[in-house]
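To convert, count from 1 in the sequence shown and add 13; that's our numbering. Glycine residues also receive a C-beta, built at the ideal position from the N, C-alpha and C atoms. Right, one structure below, let's go through it.
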Amino acid sequence: MDLKIDFAFKQVFGKTGNEPILLAFLNAALQLTKEKRIASVEILNPVIHREHIEDKASVLDIHAKTEQGEHVNIEIQLSNKFDMKKRTLYYWSRIFSAQMQKGMPYTDLAKTITINILNFRFLQETDRFRTTFHLYEDQEQFLLTDVLEIHFMEIPKLMDKWEQRAVNPHDNELERWLLLLEADDHEEIRKELEAIAMKDPALKRAFEEWEDLSRDEKKWVEYESRRKAILDELAAVREAEIRQQRAEQRAREKGLAEGLAEGLAKGLAKGLAEGERQKAIKMAMKMLEKGKDVDEIAFFTELSVEEIQKLKQQLH
């Protein structure tokens with residue numbers, strides 16, 4: 014099974030009983046110091062209930078709570094629907110606000126962390142596969158509050174570094190866990206992680222859970238159903254992208270054609286006007302040679318008196 018499919022991911026990382034696997038992943042993902050590492054984690058109901066009947070229902074991939082009371086949401090996304098930034102803030106706000114109970118002071122609202130694992134390139138501003146965001150003041154860059162923390166982890170950028178041999182899963186726990194999501198498609202990655210798992214109990218357990226899941230026929234049926242739905246969704250997204258690209262291309266071609274036509278029209282008009290002017294100048298010169306009056310020449314050629322005076326000076 015491909016662990017990037019949310020069904021399989023949740024079965025390994027978000028199933029009750031698999032807290033040690035989730036705990037190891039979170040400590041790696043948040044890159045906490047030894048003193049601040051999470052000691053325990055509780056897997057919560059992923060459904061965020063509506064506050065109002067018209068609210069949109071929200072089902073998280075994984076919703077967990079640390080022993081310090083911090084809420085963590087992990088989402089895995091295979092396709093870019095071009096709504097990731099606002100989608101992230103929406104889900105973060107739902108988890109944060111869902112903590113509030115009647116009579117509860119705002120100071121009791123706990124830190125809420127969102128981790129987005131993306132199977133597409135997201136942030137064009139950086140080549141780093143892991144980025145973290147907080148609330149900072151614009152000018153002096155001091156932190157307003159630490160209750161908001163958002164992570165993006167872009168698998169394609171990590172795989173670029175893997176191909177360049179610029180990652181070391183033996184020493185880097187986060188690289189280790191994220192590469193696990195690619196192990197179904199890359200035999201070399203799988204073998205290297207299996208070797209590391211001999212010394213990493215949490216990773217070893219993740220492999221065991223993954224293998225047990227892959228042997229479960231009923232789970233395979235659920236997995237294939239979800240996988241097909243995701244592939245259909247990916248195809249729809251790709252089709253929409255192609256339609257958008259074609260529409261943009263047609264718009265560019267139309268704009269180019271209109272611009273060319275406008276340019277030709279302006280050029281032709283300018284050329285014709287210049288031709289008429291040259292004819293008028295030639296007529297004025299002939300009339301001057303015959304001794305015609307300047308005002309008379311201006312009347313017949315539609316040139317200004319000043320222009321004709323200059324032409325007259327050229328004759329002398």
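- Straight-line measurement puts the Cα of LEU247 at about 21 angstroms from the Cα of HIS199.
- Straight-line spacing of the CA atoms in VAL54 and ILE87 works out to 13 angstroms.
- In this chain, the alpha helix (DSSP H) harbouring LYS174 covers 168 to 176.
- With respect to the C-alpha of ALA21, the residue from ALA42, LEU226 and GLU80 having the closest C-alpha is LEU226.
- ALA77 counts as buried, since at least 16 other C-beta atoms from the protein chains shown sit within 10 angstroms of its C-beta.
- Counting along the chain, the unbroken beta strand (DSSP E) around ASN129 starts and ends at 125 to 131.
- By the Cβ-count criterion, GLU186 is buried, with 16 or more other Cβ atoms from all chains shown falling within 10 Å of its own Cβ.
- As for any beta strand (DSSP E) of minimum length 3 sitting wholly inside the stretch 95 to 154, the runs are 125 to 131 and 143 to 149, ordered along the chain.
- Per DSSP, LYS217 is one residue of the alpha helix (DSSP H) stretching across 214 to 228.
- Between ILE34 and the set GLY280, PRO214 and ILE108, the nearest pair of CA atoms involves PRO214.
- Note that the C-beta distance between ASP197 and MET14 is below 8 angstroms.
- PHE26 is not a Cβ neighbour of ASN93, given a cutoff of 8 angstroms.
- A contact is defined here as three or more CB-CB pairs under 8 angstroms, and the stretch 165 to 181 meets this definition with respect to the stretch 189 to 196.
- Proximity of the stretch 286 to 300 to the stretch 253 to 267 falls short of the contact definition, fewer than three beta-carbon pairs being nearer than 8 angstroms.
- Within the DSSP bridge table, the entry for ASN58 names no partner.
- For GLN24, the enclosing alpha helix (DSSP H) starts and ends at 19 to 26.
- Judged by beta-carbon spacing, GLN112 lies within the 8 angstroms limit of ALA123, meaning their Cβ atoms are closer than that value.
- Looking at the DSSP output, PHE313 bridges to nothing.
- Among the bridge pairs identified by DSSP, GLN90 is matched with LEU131.
- Pairing ASP121 with THR158, the inter-Cα distance amounts to about 13 angstroms.
- Residue range 32 to 43 is occupied by the alpha helix (DSSP H) that includes ALA41.
- In the three-state reduction of the DSSP assignment, VAL180 falls in the coil class.
- In this structure, the CA atom of ASP74 is about 11 angstroms from the CA atom of ILE56.
- Bridge pairing for LYS78: GLU55 and HIS84 [DSSP].
- Annotated three-state conformation of ASP197 is coil, per DSSP.
- Annotated as proximal: ALA42 and ILE128, with beta-carbon spacing under 8 angstroms.
- LEU324: member of the alpha helix (DSSP H) spanning 318 to 328, first to last residue.
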